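Residue numbers (UniProt numbering), protein chains in the order written: chain A, 1 to 273; chain B, 1 to 235.
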């Protein structure tokens with residue numbers, strides 16, 4: 001019998017119950033399952049009218065590129081976006097969850113979400129999982145109190161910075177920022193600098209590659225520039241095409257639809273007393 | 001009436017087959033301020049009286065019509081605090097549905113889930129039924145929809161409905177005035193006229209509240225000045 005589950009803080013957090021068993025299994029030779037990491041270069045900077053976020057688009061699974069054009073800039077609120085590095089599933093799940101919580105909060109308060117609210121929700125979640133949720137985030141947005149940029153580490157610590165980089169390509173990108181960043185950049189200068197920093201990560205770090213995504217957030221407006229730059233186009237495509245050797249037999253393929261249409265049952269919604 | 005011996009306990013049927021507590025809840029609704037809803041061809045309008053207990057109350061702080069999702073709004077008749085709890089739960093349910101299916105919740109689903117909550121409170125120990133009836137107005141892929149949910153948890157889809165103090169007069173008025181091909185603006189005018197029927201005192205933008213949703217699928221509560229404009233048109 002479900003009672004009124006109040007919106008009290010969830011009793012979540014990392015559960016240590018299975019740690020001993022896992023260690024025992026590892027000693028016996030069980031290999032841990034592989035997961036999709038994002039490698040990644042993600043950056044953010046504050047310019048005169050707001051915040052610009054940038055990210056590369058390569059997702060890696062060990063030495064293999066799993067996704068050549070994934071989206072690393074996640075929506076949190078109409079005025080807040082978040083770049084994610086680390087385990088792709090973790091960044092997506094955690095940003096999705098906090099985005100949902102922010103939406104409910106907006107309904108209850110009737111106000112625009114603030115960046116510090118997103119920050120606190122993210123960091124308390126990550127801290128309660130003791131770093132096992134492998135999500136390193138660059139959170140940026142503009143709210144009533146002004147433009148804000150924060151970095152969040154998997155263990156739950158945060159920094160507030162005018163420019164920030166995260167991910168395996170962070171050092172390459174930070175080199176660009178440290179030499180060229182200054183306060184009061186215009187929008188075009190800021191976007192150019194962010195694109196440069198991401199390109200530096202793309203070309204100098206193996207874990208980052210493919211294209212550049214940029215997101216510009218200003219008061220009351222945001223522009224999500226997906227694939228702003230494509231510095232790695234596919235250069236050579238064989239014109240001859242591919243053909244099978246004569247020894248292979250290609251059977252006829254026929255696709256049979258299992259069911260033509262979805263049947264809609266009329267009048268299924270009204271309640272019967 | 002032999003019922004009175006069974007009227008204290010929610011979870012006991014009376015000999016006549018009724019749950020008397022739910023009847024009492026409906027009475028609480030019936031003594032609440034009048035509210036109504038009308039479904040038009042291209043949208044839905046819901047409206048309510050906003051009579052404040054004293055002139056000293058800051059009317060800008062009171063909002064009876066709330067939105068549950070960007071395309072679904074709700075108004076109540078009965079106990080305000082009970083409606084607040086239901087609104088909070090419904091919003092959370094709508095959000096959970098979205099997280100699971102990545103689709104905005106259809107109006108019928110949200111109504112069903114809210115009605116389920118209200119029914120649970122008629123079959124649990126130590127709780128009482130909600131003392132509100134809700135009118136849920138929404139616009140989704142099936143078009144404009146209007147549902148009424150009662151304290152028992154039963155819900156119906158309506159073309160036009162009213163609840164609260166003036167329910168019989170208002171419903172009679174709506175039955176006469178309602179047409180199938182009504183447009184949203186006509187519906188707003190009809191809603192205002194219906195409220196005016198049983199209104200004590202001078203009607204103005206400050207003591208009624210109107211919420212509309214049109215084919216753009218954004219639910220909006222009209223500001224007092226917008227309500228005044230409609231009132232002028234009606235006169």
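Positions of the beta carbon are idealized from the N, C-alpha and C atoms, including for glycine.
What you are looking at is a predicted structure, and each value in this text was computed from that prediction instead of being measured.
In the DSSP assignment, what residue or residues form a beta bridge with residue i?
| i | result |
| --- | --- |
| residue 61 of chain A | A:64 |
| residue 133 of chain B | B:77 |
| residue 139 of chain B | B:144 |
| residue 192 of chain B | Paired residue(s): none; residue 192 of chain B is not in a bridge. |
| residue 225 of chain A | A:214 |
| residue 219 of chain B | B:213 |
| residue 105 of chain A | Per DSSP, none; premise fails for residue 105 of chain A. |
| residue 203 of chain A | Beta-bridge pairing links residue 203 of chain A to no other residue. |
| residue 257 of chain A | DSSP, once it has assigned bridges, lists no residue as partnering residue 257 of chain A. |
How many Å lie between residue i and residue j at the Cα?
| i | j | result |
| --- | --- | --- |
| residue 237 of chain B | residue 199 of chain B | Examination of residue 237 of chain B is not possible in this model, given that chain B is present from 1 through 235 alone. |
| residue 50 of chain A | residue 72 of chain B | 33 angstroms |
| residue 48 of chain A | residue 15 of chain A | 44 angstroms |
| residue 102 of chain A | residue 69 of chain A | 27 angstroms |
| residue 227 of chain A | residue 140 of chain B | 32 angstroms |
| residue 1 of chain B | residue 138 of chain B | Because the pLDDT of residue 1 of chain B is 45, which lies under 50, any placement of that residue in the model is unreliable, and the number read from its coordinates should be weighed accordingly. Using only the alpha carbons, I get a separation of about 42 angstroms. |
| residue 78 of chain B | residue 215 of chain A | 47 angstroms |
| residue 13 of chain B | residue 22 of chain B | 11 angstroms |
| residue 80 of chain A | residue 220 of chain A | 11 angstroms |
| residue 150 of chain B | residue 225 of chain B | 32 angstroms |
| residue 114 of chain B | residue 106 of chain B | 13 angstroms |
| residue 142 of chain A | residue 193 of chain B | 44 angstroms |
| residue 231 of chain A | residue 225 of chain A | 15 angstroms |
| residue 6 of chain A | residue 85 of chain B | In this predicted model, residue 6 of chain A has a pLDDT of only 45, less than 50, meaning its place in the structure is not dependable; the value taken from the coordinates is given anyway. Taking the straight line joining both Cα atoms gives about 10 angstroms. |
| residue 223 of chain A | residue 145 of chain B | 34 angstroms |
| residue 76 of chain A | residue 136 of chain A | 15 angstroms |
| residue 10 of chain B | residue 88 of chain B | 24 angstroms |
| residue 210 of chain A | residue 46 of chain A | 25 angstroms |
| residue 131 of chain A | residue 187 of chain B | 56 angstroms |
| residue 124 of chain A | residue 63 of chain A | 32 angstroms |
| residue 259 of chain A | residue 12 of chain A | 43 angstroms |
| residue 177 of chain B | residue 190 of chain B | 7 angstroms |
| residue 27 of chain A | residue 19 of chain A | 12 angstroms |
Which residues in the same chain have their Cβ closer than 6 angstroms to the Cβ of residue i, if we skip the five residues on either side of it in sequence?
| i | result |
| --- | --- |
| residue 171 of chain B | 162 |
| residue 147 of chain B | 111, 136, 155, 157 |
| residue 208 of chain A | 39, 40, 41, 56, 58, 169, 201, 202 |
| residue 165 of chain A | 43, 173, 174 |
| residue 215 of chain B | 42 |
| residue 80 of chain B | none |
| residue 91 of chain B | 68 |
| residue 138 of chain A | 42, 44, 83, 151, 164, 166 |
| residue 155 of chain A | 131 |
| residue 115 of chain A | 80, 141, 143, 148 |
Taking only beta-carbon positions, decide if residue i is within less than 8 angstroms of chain B.
| i | result |
| --- | --- |
| residue 2 of chain A | Because the pLDDT at residue 2 of chain A is just 42, under 50, the model does not fix this residue reliably, and the value given afterwards should be weighed accordingly. Yes, residue 2 of chain A counts as interfacial toward chain B. |
| residue 100 of chain A | yes |
| residue 107 of chain A | yes |
| residue 7 of chain A | Here residue 7 of chain A scores only 45 on pLDDT, less than 50, and its place in the model is too uncertain to base an answer on. |
| residue 273 of chain A | With a pLDDT of 47 at residue 273 of chain A, under the threshold of 50, the predicted position of this residue should be treated as unreliable, though the coordinate-derived value follows. So yes, residue 273 of chain A belongs to the interface. |
Using a C-beta cutoff of 8 angstroms, does residue i count as contacting chain A?
| i | result |
| --- | --- |
| residue 92 of chain B | yes |
| residue 1 of chain B | Confidence in residue 1 of chain B is poor, its pLDDT being 45 and thus under 50, which makes the residue's placement unreliable; the coordinate value appears in the next sentence. With 8 angstroms as the cut-off, residue 1 of chain B does not count as an interface residue toward chain A. |
| residue 82 of chain B | no |
Along chain B, in chain order, which residues have C-beta atoms closer than 7 angstroms to that of residue i?
| i | result |
| --- | --- |
| residue 103 of chain A | 95 |
Applying a beta-carbon distance threshold of less than 9 angstroms, which residues of chain B neighbour residue i?
| i | result |
| --- | --- |
| residue 96 of chain A | 99 |
Taking 7 angstroms as the cut-off, is the C-beta of residue i nearer than that to any heavy atom in the ligand PLP?
| i | result |
| --- | --- |
| residue 191 of chain B | Absence of the ligand PLP is noted for the structure shown, with no ligands found whatsoever. |
So, at 8 angstroms on beta carbons, what are the nonlocal neighbours of residue i in its own chain, with the 5 sequence-adjacent residues on each side left out?
| i | result |
| --- | --- |
| residue 166 of chain B | 34, 197, 198 |
| residue 117 of chain A | 102, 105 |
Residues in the same chain with beta-carbon distance under 7 angstroms from residue i, minus the five sequence neighbours each way, listed in chain order, please.
| i | result |
| --- | --- |
| residue 94 of chain B | 68, 69, 105, 110 |
| residue 8 of chain A | For residue 8 of chain A, the predicted model reports a pLDDT of 46, less than 50, meaning its position is unreliable; a value from the coordinates is still stated below. Nothing listed; no residue qualifies. |
| residue 127 of chain B | 121 |
| residue 82 of chain B | 130, 131, 132 |
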